[in-house]
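Participant: Residue 321 in this note's numbering is what sits at position 157 of the sequence shown, and the numbering runs on without skipping anything.
Please read through the structure below; I'll follow up with questions.
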Amino acid sequence: MNWITLFFGFVFGSIVGSFLNVCIHRIPQDTSIIMPSSHCPSCKTPIHFYDNIPLVSFIILRGRCRGCQAPISLRYPLVEFLMGFFSVILLLRYGISPLYLIYFAFFAALTLVSFVDLSHRIIPDVISLPGIIIGLAISLFHPQLSITNSLIGVLLGGGSLYVVASVYHLVTKREGMGGGDIKLLAMIGAFIGWKGVLFTILCSSIIGSVVGVILMLISSEADSKYAVPFGPFLSLGAVIYVLWGEYLINWYMGILRGIAAV
Ligand SMILES: [Zn+2]
Numbered sequence: 165m166n167w168i169t170l171f172f173g174f175v176f177g178s179i180v181g182s183f184l185n186v187c188i189h190r191i192p193q194d195t196s197i198i199m200p201s202s203h204c205p206s207c208k209t210p211i212h213f214y215d216n217i218p219l220v221s222f223i224i225l226r227g228r229c230r231g232c233q234a235p236i237s238l239r240y241p242l243v244e245f246l247m248g249f250f251s252v253i254l255l256l257r258y259g260i261s262p263l264y265l266i267y268f269a270f271f272a273a274l275t276l277v278s279f280v281d282l283s284h285r286i287i288p289d290v291i292s293l294p295g296i297i298i299g300l301a302i303s304l305f306h307p308q309l310s311i312t313n314s315l316i317g318v319l320l321g322g323g324s325l326y327v328v329a330s331v332y333h334l335v336t337k338r339e340g341m342g343g344g345d346i347k348l349l350a351m352i353g354a355f356i357g358w359k360g361v362l363f364t365i366l367c368s369s370i371i372g373s374v375v376g377v378i379l380m381l382i383s384s385e386a387d388s389k390y391a392v393p394f395g396p397f398l399s400l401g402a403v404i405y406v407l408w409g410e411y412l413i414n415w416y417m418g419i420l421r422g423i424a425a426v
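Written out as structure tokens, the structure is:
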């Protein structure tokens, strides 16, 4: 993989990231993602195409609107960089191939869902529900995933979180995990199968607990009803599975075998 391909891969990813930023902003408001064209949320000035170049414009404008100097959210360059990074790392892994496209689209959906969840505490059905169908449809052509595996992934992903959420609600009488998380994990299952779902649950619980404890230690209100949204952790777990899951599972199995041998 030469550096020119990787460079254009990064540019492509960051342009997709720029489009995701528009969706992250507009989907929770239920407004069209095409019209009107991008404008500054504080002064409503339309944004010129030359101020809308992924990453570059943010640096040139030093993170402020050209018209009113209102600060631009760090989320914009962050999502653009993240999608550029995902594109490059997937190119290095899969080259220019169907698997690159499948996982890039999957990562784009996860990024979108995570940032909407972070700012609005909702996981939009308009992403997760079609995502389940698309994931199932793709499994028909997927070189590494059968339709059976994908279907079990959906049922296991949706079912297991449904049980956890119901038990949590029964014990604490509070809404812990929302229905959005259940549909998100079902979508993840459609794309990476049952093994991926198990890995995602384990991985996101570990990272989520660590982050949750840290947040609890630094914040004064220990018993916040709006603890940490879980969508970003599920998404992170799924990304880790696609990129390093096989390697991590083998490594873990190696340790188990080592212990068994002693
Ligand atoms: Zn402005």
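A virtual CB, placed ideally from N, CA and C, is assigned to each residue, including glycine.
Note down, in chain order, each residue of its chain lying with its Cβ closer than 8 Å to the Cβ of L225, except the 5 sequence neighbours on either side.
Facilitator: D215, I236
Participant: Would you mind stating whether S292 and V280 have Cβ atoms separated by less than 8 Å?
Facilitator: With contacts defined as CB atoms closer than 8 Å, S292 and V280 fail to qualify as a contacting pair.
Participant: Within 10 angstroms of its Cβ, does G372 collect 16 or more other Cβ (buried), or is it exposed?
Facilitator: buried
Participant: With respect to the alpha helix (DSSP H) encompassing D281, which residues constitute its N-terminal and C-terminal limits?
Facilitator: 262 to 284
Participant: With distances taken from CA atoms, which of C229, C232, G259, P218 is nearest G248?
Facilitator: Measuring from the Cα of G248, the nearest candidate turns out to be P218.
Participant: Apply the 10 Å Cβ neighbour rule to A350 and answer buried if 16 or more other Cβ atoms are within range, or exposed otherwise.
Facilitator: buried
Participant: Taking the straight line between their C-alpha atoms, what separation do you get for H212 and F222?
Facilitator: 13 Å
Participant: Measuring from each Cβ to the nearest heavy atom of ligand 1, keep the ones under 7 Å and list them in chain order.
Facilitator: C204, S206, C207, T209, C229, G231, C232, A234
Participant: So for R226, helix, strand or coil by DSSP?
Facilitator: Three-state result, R226: coil.
Participant: CB-CB under 6 Å to G409, same chain, minus the five flanking residues each way: which ones, in chain order?
Facilitator: F363
Participant: So if DSSP puts H203 in a beta bridge, which residue, or which two residues, is it bridged to?
Facilitator: P210
Participant: How about I316 and W358: do their beta carbons lie closer than 8 Å?
Facilitator: yes
Participant: So, for G259: in the same chain, excluding its five sequence neighbours on each side, which residues have a beta-carbon less than 7 Å away from its beta-carbon?
Facilitator: M165
Participant: Are the region 331 to 339 and the region 295 to 311 touching by the rule of at least three beta carbon pairs closer than 8 Å?
Facilitator: Under the 8 Å Cβ criterion, the region 331 to 339 does not count as touching the region 295 to 311, having fewer than three qualifying pairs.
Participant: Below 8 Å on the Cβ atoms is my guess for G231 versus T209; work out the distance and round it to an integer in Å.
Facilitator: 4 Å
Participant: Can you tell me which of the three DSSP states P396 falls into?
Facilitator: Note: P396 maps to helix in three-state DSSP.
Participant: Would you decide whether H189 is buried or exposed? Buried here means 16 or more other CB atoms lie within 10 Å of its CB.
Facilitator: buried
Participant: How many Å lie between I298 and G395 at the Cα?
Facilitator: 19 Å
Participant: Taking DSSP's pairing of strands, which residues face P235 in a bridge?
Facilitator: R228
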